[in-house]
Amino acid sequence: MTAVRSGAIGVIGAGVVGQGVAMLLAAGGWCESVRVVSRTGLSARALVTDLEDMCQVTGSPVRAVHTTSPRELASCEAVVICPRAEFVNTNRTDVRMAGLNANAPVIAALARALVHYQGLVVMVTNPVDIMARLFAEVSRCARVYGVGSNTDSARYRLTLARLLDVPAEAVEGHVIGEHGDRAVVCASATRVNGRPADVPVGRVRRELADRPSRINTGLGRTRCGPAGAVIAALRAGLGLEDRVVELSVNHENRWLGIPLRFTAGTPTVCLPRLDAAETRQLFVAAARLRDAYQPLAGLYAPAHPSKKEKTAVTRTATRIATATQAATVTSNSTVVTDWALRYFGPWWNATSTAPGPDAPVHADVNPDKVTEITQRVADRPHEETVYANTGMLIRRDSDGTVFAAQPGDKTAYKAEPGGPLHIYGCEDVPVSLAAARLAREVVRGRLLADGWSILHASAVVRDEQAVLTLGDKGAGKTTVGLLLARAGWHLLANDRVFIRPEAGRLRVLPWPSAAAIGLGLLDALGWYDQVRERVQRGEQLHPTQHQKVTDALHSGSRTPLWKESGKELKPQFFPDQLHSWLGLTLATEGHAARVLFPRIIPGAEAALLDEERTVRDADVFTAGTEDRYPDVFGFLPAGTTSTEPLRERLGELPRHVFGLVHDVKANTDLLSRIVGA
474 MTAVRSGAIG VIGAGVVGQG VAMLLAAGGW CESVRVVSRT GLSARALVTD
524 LEDMCQVTGS PVRAVHTTSP RELASCEAVV ICPRAEFVNT NRTDVRMAGL
574 NANAPVIAAL ARALVHYQGL VVMVTNPVDI MARLFAEVSR CARVYGVGSN
624 TDSARYRLTL ARLLDVPAEA VEGHVIGEHG DRAVVCASAT RVNGRPADVP
674 VGRVRRELAD RPSRINTGLG RTRCGPAGAV IAALRAGLGL EDRVVELSVN
724 HENRWLGIPL RFTAGTPTVC LPRLDAAETR QLFVAAARLR DAYQPLAGLY
774 APAHPSKKEK TAVTRTATRI ATATQAATVT SNSTVVTDWA LRYFGPWWNA
824 TSTAPGPDAP VHADVNPDKV TEITQRVADR PHEETVYANT GMLIRRDSDG
874 TVFAAQPGDK TAYKAEPGGP LHIYGCEDVP VSLAAARLAR EVVRGRLLAD
924 GWSILHASAV VRDEQAVLTL GDKGAGKTTV GLLLARAGWH LLANDRVFIR
974 PEAGRLRVLP WPSAAAIGLG LLDALGWYDQ VRERVQRGEQ LHPTQHQKVT
1024 DALHSGSRTP LWKESGKELK PQFFPDQLHS WLGLTLATEG HAARVLFPRI
1074 IPGAEAALLD EERTVRDADV FTAGTEDRYP DVFGFLPAGT TSTEPLRERL
1124 GELPRHVFGL VHDVKANTDL LSRIVGA
């Protein structure tokens, strides 16, 4: 028999699930006692008597106790809530929703009886996601979880194992969202024997619906599966077992079933990566649960104004400017505006300012708006594109208003003609990323309208003279820029620059962005150890960095990492980290004086090449060549400006074509000869 490792566990409800939970607790032997409460008392006393017999026969140390009031459970370490009101369920679909109005007053009364309860609460009563939220908001208890998705996930793994003829232990997969007909099957993230699986989602969904029906037909109600899910939640939540459990919980102001990784009783959200369709389904489930809950909130949940509701939300603003153009970002989160200061400050001019209604970008943390806009876009005809490497859904209304959503980032957008862009997100960091990108796009559009162009180039500056390095991806633009910056030049840009003829010269401005530097190059330039030391101390690089890169830095691996697509995974530096971490000096502008065209030639010598290379159309970013930031919101000027005059002016500058090798000193010596020591 398992040694007692927990105190008393309360069970409210002595129906079939309550009986199953109490029996498993008594048989498990790991809690001190099971305290049972029921509406009439008769069933609770009968269950306690039956448990006493079982404990005596099996030698279990667990005591079964009849308790007359839920208030007497306040000293328990955990309480399981599984009563069921008297009602006839006639639903053929959404069967778990049928008890919504009947069970709500029962759960609300229990919540009032256990207000401010400090222990763990596990909700079983259906509809479990809504009842868990109702109990939490009425009782104001901090640790409330609803089972349901855990049972669904178990059924999913069993079903898929049978369909694919593999052991259930070989299947790694989750069912999340709503415990019901609209549960989200995370097929895209499912693994079988560690490999992606071809999931027959239609057959799986039918089985998930049929399985409880078969149990109900034969037994009247499901009992063993939900009882087992409760035990899993209790053991994880009480710190008796480290594991992942799918539970309904308040995450980003939405109550949904999601996977939680419990370590010593502390949960961490571990949502699988969803594809676009699954993400839309999750938003729909969240909206459906929210809409079903709202009438109950008005009836049972007392108003507990949050700090934000008691006081007006303080908005902050950051103004970013370069050349003659500027844009202001306002937000209800200081993280967003501080991010803009950090992101644009080193290369452009960024200052805190007073928020005003004329700001072109409003970026707020507002999960409800994300859900509302995402559902509005997904449920109607829409376009799809990729923006900043993430899928985006776009809908354009007849009045010209653009609604967009990036479900993978949990962000949404609204832009009215002539009005500001509104950005909404569920968390600070995704909103900050989106605000920085789109504020830059606002300034970009204004600069382009003012005669500027964008070159695909890195750039360094000395004595106001800028050296531009152009080339296709992988040509060595970043390598040249960093080698020269390391040799004393000031780094103006890593990948793109703004350029415009002014007063007989070509004025160059930076394009603020995170800087990607491969692990191999970082090591070759002598920066790897100092970067690794900072990461190991807990300092953070840019959040767009892939986790594999962070893991490599922690482990000390210097081997370059690659995606299956062939793209290299690289450390991503904030602009200010180029100075604070790597010791480089950044420049804010310059005038083009020389153009370089490198090419990496392994196995050869670093040398000038007897080749002619001019600036091509592909070296200039236009609406036709832009591959990362399509003009979704109409920030860019209409029409196409010819790049011929700019290319002719660049053709008048000294130009050099040369080969680079995997030798830092040889490359640096060659560059010194080309641009001057």
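Numbering (my numbering), first residue to last: 474 to 1150.
Here a beta-carbon is modelled for each residue, glycine too, at the ideal position from N, C-alpha and C.
Rounded to the nearest angstrom, what separates residue i and residue j at their Cα positions?
| i | j | result |
| --- | --- | --- |
| residue 890 | residue 869 | 11 Å |
| residue 761 | residue 873 | 28 Å |
| residue 781 | residue 938 | In this predicted model, residue 781 has a pLDDT of only 39, less than 50, meaning its place in the structure is not dependable; the value taken from the coordinates is given anyway. So the alpha carbons of these two residues sit roughly 51 Å apart. |
| residue 932 | residue 1007 | 27 Å |
| residue 579 | residue 601 | 13 Å |
| residue 742 | residue 724 | 8 Å |
| residue 1025 | residue 1038 | 19 Å |
| residue 684 | residue 878 | 35 Å |
| residue 856 | residue 875 | 11 Å |
| residue 789 | residue 1064 | 35 Å |
| residue 1066 | residue 734 | 56 Å |
| residue 654 | residue 480 | 37 Å |
| residue 940 | residue 825 | 32 Å |
| residue 779 | residue 885 | Because residue 779 sits at a pLDDT of 43, beneath the cut-off of 50, its placement in the model cannot be relied upon, and the point is left open. |
From the DSSP secondary-structure annotation, give me the bridge partner or partners of residue i.
| i | result |
| --- | --- |
| residue 1063 | 981 |
| residue 897 | 837 and 885 |
| residue 927 | 971 and 1094 |
| residue 479 | 504 |
| residue 878 | 866 and 885 |
| residue 699 | According to DSSP, residue 699 bridges with nothing at all. |
| residue 693 | Looking at the DSSP assignment, residue 693 forms no beta bridge with any residue, so it has no partner. |
| residue 791 | 802 and 825 |
| residue 1035 | 1041 |
| residue 1054 | Answer is none; residue 1054 lacks a bridge partner. |
| residue 938 | 935 and 1064 |
| residue 717 | 734 |
| residue 740 | 735 |
| residue 669 | 664 |
Taking its Cβ as the centre, do 16 or more other Cβ atoms sit within 10 Å of residue i, making it buried, or is it exposed?
| i | result |
| --- | --- |
| residue 716 | exposed |
| residue 1020 | exposed |
| residue 1118 | exposed |
| residue 1027 | exposed |
| residue 950 | buried |
| residue 847 | buried |
| residue 840 | buried |
| residue 1099 | exposed |
| residue 837 | buried |
| residue 827 | exposed |
| residue 1056 | exposed |
Pick from the options: whose alpha carbon is nearest that of residue i?
| i | options | result |
| --- | --- | --- |
| residue 636 | 550, 675, 1122 and 797 | 675 |
| residue 702 | 625, 532 and 1035 | 625 |
| residue 759 | 808, 880 and 796 | 880 |
| residue 482 | 871, 688, 551 and 1109 | 551 |
| residue 644 | 757, 660, 651 and 1055 | 660 |
| residue 1148 | 1135, 1139 and 1127 | 1127 |
| residue 882 | 871, 896, 673 and 888 | 896 |
| residue 979 | 1129, 616, 830 and 1120 | 1120 |
| residue 1104 | 901, 910, 799 and 591 | 910 |
| residue 820 | 967, 680, 718 and 767 | 967 |
| residue 829 | 787, 526 and 1041 | 787 |
| residue 721 | 594, 1140, 867 and 1107 | 594 |
| residue 629 | 592, 678 and 501 | 678 |
| residue 757 | 651, 1100 and 710 | 651 |
| residue 1036 | 1054, 1060, 991 and 1011 | 991 |
| residue 1017 | 1073, 1146, 863 and 975 | 863 |
| residue 995 | 1079, 752, 886 and 1029 | 1029 |
| residue 1110 | 599, 918 and 547 | 918 |
| residue 528 | 512, 502 and 519 | 502 |
| residue 668 | 646, 1068 and 1079 | 646 |
| residue 1113 | 500, 711 and 924 | 924 |
Cβ of residue i within 7 Å of Cβ of residue j?
| i | j | result |
| --- | --- | --- |
| residue 648 | residue 641 | no |
| residue 583 | residue 534 | no |
| residue 894 | residue 834 | yes |
| residue 536 | residue 506 | yes |
| residue 1045 | residue 998 | no |
| residue 930 | residue 943 | yes |
| residue 927 | residue 973 | no |
| residue 549 | residue 491 | no |
Please confirm whether any heavy atom of the ligand NAD lies closer than 6 Å to the CB of residue i.
| i | result |
| --- | --- |
| residue 1049 | As far as ligands go, the structure on display features none, and thus does not contain the ligand NAD. |
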